[in-house]
Amino acid sequence: MGIPAIDPSEVGTSGLAWLLISYGYMLYYASNLISEGSDLLLLVPSLAGLVGSVVLPLLGAIPDGAIMLFSGLGEVEEAQETLAVGVGALAGSTIMLLTVPWALSVYYGRVDFSGPDLEPNYKGNPKVTEGISGKATGVDLSPEINHGARMMMLTTLPYFIIQGPAFFMTGDRAQMSEKEHWWSLAGFVFCFAFFVYYLFSQVKMSNDSAHKLKRMAIIKESLKKGKMSLSGALGDQITYVE
Numbered sequence: 002m003g004i005p006a007i008d009p010s011e012v013g014t015s016g017l018a019w020l021l022i023s024y025g026y027m028l029y030y031a032s033n034l035i036s037e038g039s040d041l042l043l044l045v046p047s048l049a050g051l052v053g054s055v056v057l058p059l060l061g062a063i064p065d066g067a068i069m070l071f072s073g074l075g076e077v078e079e080a081q082e083t084l085a086v087g088v089g090a091l092a093g094s095t096i097m098l099l100t101v102p103w104a105l106s107v108y109y110g111r112v113d114f115s116g117p118d119l120e121p122n123y124k125g126n127p128k129v130t131e132g133i134s135g136k137a138t139g140v141d142l143s144p145e146i147n148h149g150a151r152m153m154m155l156t157t158l159p160y161f162i163i164q165g166p167a168f169f170m171t172g173d174r175a176q177m178s179e180k181e182h183w184w185s186l187a188g189f190v191f192c193f194a195f196f197v198y199y200l201f202s203q204v205k206m207s208n209d210s211a212h213k214l215k216r217m218a219i220i221k222e223s224l225k226k227g228k229m230s231l232s233g234a235l236g237d238q239i240t241y242v243e
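Quick note on numbering: the sequence shown equals residues 2 to 243 in our numbering.
What follows is the structure in structure tokens.
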């Protein structure tokens, strides 16, 4: 028994457009719920470090994992083709998240450089001097960004564990599957090990100044929206003093 699905030929162009809009709205609404819920969890002092370093990355990975899971379900003969579509969608979304938001954040967050060492001047007013040709602008890179870049490069290695040997293998689909079996298992083990190490490193960094400032920003926003009282915002500090 296959997975219930809608045949595109039965709904037509307008039906596909409606399905696309409905699916996009559900994703938008669900992402807002995840974002608001994660912000509220960050307000719990005992869970703040764990939420920001472990829970949020897992919540962000659940939709991608669901895409891969449902792409591989169904008849065995069709699984390879549908899984290729799921991998393509996952790769496309990952590339977009690594390029478009990064470029926009650098462009809109840039400030003028000043001094002989060309340090970003975040205290200047205006932040960016328009109309000066050749004026150097940019952003400052925090240690978290450097650490994240190294982790991204390191966690790409498991892909080469399976892809490298696959370049030198020949045969039909059954033979290739048999030859790649143990390489796939090795890649899975390395991926899981890197994932555990990533979570461990994030927990260690969860109490630094950047994460504390983020929690303070969430508290301020919650106070403005009336989602939190002043006593709730200062409850952790009161408990610490007592």
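Beta carbons are placed, not taken as given, at the ideal position from N, Cα and C, and that holds for glycine.
As the structure is a prediction and not an experimental result, all values here were calculated from the model.
Handout entry: Candidates L105, P127, Y198 and A104, of which the one nearest S115 by Cα
Key = In the sequence shown, the residue the question calls residue 115 occupies position 114. Among L105, P127, Y198 and A104, the Cα nearest to that of S115 belongs to P127.
Problem - Inter-residue spacing [alpha-carbon to alpha-carbon] between F222 and L41 - result: Translated into positions along the sequence shown, residue 222 becomes position 221. Translated into positions along the sequence shown, residue 41 becomes position 40. The sequence shown places Glu at residue 222, rather than the Phe named in the question. Their Cα atoms are separated by approximately 11 Å.
Practice task
Please state whether DSSP places P121 in a helix, a strand or coil.
Solution key: Your numbering for residue 121 matches position 120 in the sequence shown. In this structure, P121 counts as strand in the three-state DSSP scheme.
Practice task
Specify the secondary structure class of V129 as computed by DSSP and reduced to three states.
Solution key: In the sequence shown, the residue the question calls residue 129 occupies position 128. If DSSP states are grouped into helix, strand and coil, V129 belongs with coil.
Exercise for the section: Please check the pair S54 and Q203, which I expect to be a contact at CB under 8 Å, by giving their CB distance rounded to whole angstroms. Expected result: In the sequence shown, the residue the question calls residue 54 occupies position 53. In the sequence shown, the residue the question calls residue 203 occupies position 202. Yes, S54 and Q203 are in contact; Cβ-Cβ is about 3 Å, under 8 Å.
Exercise for the section: Can you grab the Cα-Cα spacing for the pair Y199 / A218, in whole Å? Expected result: Locating residue 199 in the sequence shown gives position 198, counting from the first residue. Locating residue 218 in the sequence shown gives position 217, counting from the first residue. Roughly 25 Å between the two C-alpha positions.
Practice task
Could you tell me which residues DSSP pairs with S332 in its beta bridges?
Solution key: Nothing can be reported for residue 332, as the shown portion of the chain is limited to 2 through 243.
Exercise for the section: Ignoring anything shorter than 4 residues or poking outside the stretch 17 to 98, list the alpha helix (DSSP H) runs there in chain order. Expected result: 46 to 51 and 57 to 72
Problem - CB of I35 within 8 Å of CB of L60, strictly - result: In the sequence shown, the residue the question calls residue 35 occupies position 34. In the sequence shown, the residue the question calls residue 60 occupies position 59. For I35 and L60, yes; Cβs fall inside 8 Å.
Practice task
Please go through the same chain and pick out, in chain order, the residues whose beta-carbon is closer than 8 Å to the beta-carbon of Q81, but skip the five residues on each side of it.
Solution key: The count along the sequence shown starts at 1 and reaches residue 81 at position 80. So the list reads R174, once near-sequence residues are dropped.
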